[in-house]
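In terms of this note's numbering, the sequence shown opens at residue 4 and continues consecutively.
Ideal placement from N, C-alpha and C gives every residue a C-beta, glycine not left out.
Since the model is a prediction, treat every value here as computed from it, not as a measurement.
One structure is given here, and the rest of the page talks about it.
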Amino acid sequence: IRSTTFFVGLTIKIFPLDKKPWKSNRPLPITLIGDTAHLMPPFAGKGVNIGLMDALILSENLTNGKFGTIQSAIDDYEQRMFVYATEAQADSTKNEIEMRNPSFTFQQLMNV
4 IRSTTFFVGL TIKIFPLDKK PWKSNRPLPI TLIGDTAHLM PPFAGKGVNI
54 GLMDALILSE NLTNGKFGTI QSAIDDYEQR MFVYATEAQA DSTKNEIEMR
104 NPSFTFQQLM NV
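Structural data, given as structure tokens:
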């Protein structure tokens, strides 16, 4: 195994949910969950948990009989998801900015 000091990171586009880039006039009742819905950098340890929350809420909405249409179940899921996923994106982005600071220490992060 050889090591190298040459590394090229790939650019990842993260679209903040508070900008609401989603179309509301979709022709079919379709939605997204997990990283496809709210990609975030891995600096808060929340990505997988948020994806699991998406699956839980959407599956409950689609099976609990409280919604008259699939679209209304999806709309409720998306409204709820935008709240908790936006918060997780903000936490993750904040941590990324702090961790990229040359004077960063984990002790500072834990005391915040």
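Isoleucine 36 is positioned such that its CB atom lies no closer than 9 Å to that of tyrosine 87. Judged by DSSP in its simplified three-state form, serine 62 adopts helix. Boundaries of the alpha helix (DSSP H) around phenylalanine 85: 73-102. Annotation: aspartate 21 is outside any alpha helix (DSSP H) and is labelled neither H nor E by DSSP. Sixteen is the threshold: when 16 or more other Cβ atoms of the shown chains lie within 10 Å of the Cβ of alanine 76, as they do, the residue is buried.
Asparagine 52 sits in a helix when the DSSP states are folded into three classes.
Taking the Cα positions, phenylalanine 70 is about 39 Å away from glutamate 99.
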